[in-house]
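In the working numbering, the protein residues as written are 7 to 62. Cβ atoms here follow ideal geometry from the backbone N, Cα and C, with glycine treated the same way. Being a predicted model, the structure only gives us computed values, none of them experimental. Data block below; observations after.
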């Protein structure tokens, strides 16, 4: 890891493998998005379509 100072700001250079490992570690901490079942998705899309149709 190397530190560089440009315009009084510190930057850190990291090897690509280390950077990818950090990204993977951070991604694992984020909970996955909720996925809908087919029935839930249909109901949700119909609700949005009705909402958009009344707005026009």
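- Selection 8, 23, 25 evaluated against residue 17 yields 8 as nearest (Cα-Cα).
- Non-local C-beta neighbours of residue 28 in its own chain, meaning closer than 8 Å and more than five positions away in sequence, comprise 20, ordered along the chain.
- No residue range can be given for residue 20, since it is assigned to no alpha helix (DSSP H) and is classified by DSSP as neither H nor E.
- For the pair residue 44 and residue 12, the Cα-to-Cα distance works out to about 52 Å.
- Rounded to the nearest whole angstrom, the C-alpha separation of residue 39 and residue 50 is 16 Å.
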